[in-house]
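Undergrad:
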Amino acid sequence: MDIFIRNAKENDYESLLPLFRQVHELHVSVRPDLYKENSTPVEQEFFESQLIDSKQHIFVAIIGNDIVGVVVTKEDEVIENSFVTARKVLYIQSLCVAETHRKQGIGKQLTTYVFDFGRILKVDSIELGVSEENTSAIEFYRSVGMTTKSRKMEIVLN
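FYI, UniProt numbering numbers position 5 of the sequence shown as 5, with every residue one higher than the one before it.
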């Protein structure tokens with residue numbers, strides 16, 4: 001099984017929509033207080049704006065003619081001030097492998113690709129957010145060498 005990774009293109013949108021739905025449906029199931037059900041969680045116009053934004057990078061994993069995974073990233077710079085040092089960060093905003101193709105190394109290849117891309121960009125770190133309830137994702141990210149940097153906590157009042 002050969003997996004090819006490349007930059008996403010405008011005409012990939014329809015093939016990517018099911019993957020975007022998978023991610024969104026997970027978010028809705030875990031936090032329906034924050035996420036709305038939506039069969040089009042990423043509008044085509046928004047997707048196209050990401051493709052032309054020089055700080056955003058979307059990579060797709062392909063087997064044969066099928067897109068089986070996607071990772072959406074965004075570069076950011078932390079400006080130095082009196083309490084933090086300047087640094088460049090590449091954020092993984094979303095990572096999804098089609099349910100039918102999980103546990104085949106595709107996620108690992110996508111993250112390795114992003115890690116290598118981050119080195120080319122000379123970022124200081126690659127970071128992401130993950131829901132505490134998504135234990136399989138946490139386990140996956142640990143397996144590729146990521147560690148917990150911080151934790152967000154909340155108290156819901158309404």
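In this text, a Cβ means the ideal position worked out from N, Cα and C, and glycines have one as well.
#1: Got a sec, what are the start and stop residues for the beta strand (DSSP E) V42 sits in?
#2: In angstroms, rounded to a whole number, what distance separates the CA positions of F47 and V89?
#3: Pop quiz: Y141 and V123 are said to be a contact at Cβ under 8 Å. What is the actual Cβ separation, rounded to whole angstroms?
#4: So, with DSSP's three-state summary, where would you put A98?
#5: Using alpha carbons as the reference points, say which of L51, D66, I67, A86 lies closest to A73.
#6: Comparing alpha-carbon positions, which option in E80, V42, S49, S94 lies nearest G69?
#7: Quick one: residues in its chain with C-beta nearer than 8 Å to the C-beta of V2, no 5 flanking neighbours on either side, listed in chain order?
#8: When DSSP labels each residue in this structure, what does K122 get in the three-state scheme?
#9: When the Cα of N11 is compared with those of E45, E37, L34, which residue comes out closest?
#10: Assuming V144 is part of the beta strand (DSSP E), what are its boundary residues?
#11: Could I get the ranges of all uninterrupted alpha helix (DSSP H) runs contained in the region 16-77, with 4 residues as the minimum, in chain order?
#12: Rounded to whole angstroms, what's the CA-CA distance from F4 to A61? Just pull it up for me.
#13: Do the CB positions of K55 and E75 come within less than 8 Å of each other?
#14: Could you check what DSSP says for L110 in three-state terms: helix, strand or coil?
#15: By DSSP, does F4 sit in helix, in strand, or in coil?
TA: By the coordinates alone:
#1: Locating residue 42 in the sequence shown gives position 42, counting from the first residue. Taken as a continuous stretch (DSSP letters only), V42 belongs to no beta strand (DSSP E), as it is neither H nor E.
#2: Residue 47 sits at position 47 when you count from the first residue of the sequence shown. Residue 89 sits at position 89 when you count from the first residue of the sequence shown. If you draw a straight line from the Cα of F47 to the Cα of V89, it comes to about 21 Å.
#3: On the sequence shown, position 141 is the one that residue 141 refers to. On the sequence shown, position 123 is the one that residue 123 refers to. Not quite, the Cβ-Cβ distance comes to about 17 Å (not below 8 Å), so this is no contact.
#4: Along the sequence shown, one-based indexing puts residue 98 at 98. In the structure shown, A98 adopts coil according to DSSP, grouped into three states.
#5: In the sequence shown, the residue the question calls residue 73 occupies position 73. The sequence shown places Thr at residue 73, rather than the Ala named in the question. Per the Cα distances, L51.
#6: In the sequence shown, the residue the question calls residue 69 occupies position 69. Ranking E80, V42, S49, S94 by Cα distance to G69 puts S94 first.
#7: In the sequence shown, residue 2 corresponds to position 2, counting from 1. According to the sequence shown, residue 2 is Asp rather than Val. Same-chain partners within the cutoff: I63.
#8: For this step, residue 122 is matched to residue 122 along the sequence shown. Collapsing the DSSP output to three states places K122 in coil.
#9: The residue labelled residue 11 in the question sits at position 11 within the sequence shown. Answer by Cα proximity: E45.
#10: In the sequence shown, residue 144 corresponds to position 144, counting from 1. In the DSSP annotation of this structure, V144 is not part of any beta strand (DSSP E), being labelled neither H nor E.
#11: Listed in chain order, they are 44-52.
#12: In the sequence shown, the residue the question calls residue 4 occupies position 4. In the sequence shown, the residue the question calls residue 61 occupies position 61. CA-CA distance, F4 to A61, rounds to 6 Å.
#13: Along the sequence shown, one-based indexing puts residue 55 at 55. Along the sequence shown, one-based indexing puts residue 75 at 75. Yes; because the gap between Cβ atoms is below 8 Å, this pair is in contact.
#14: Numbered from its first residue, the sequence shown carries residue 110 at position 110. In the three-state scheme derived from DSSP, where H, G and I count as helix and E and B as strand, L110 is classed as helix.
#15: Position 4 of the sequence shown, counted from the start, is the residue given in the question as residue 4. Under the three-state reduction of DSSP output, F4 falls in the strand class.
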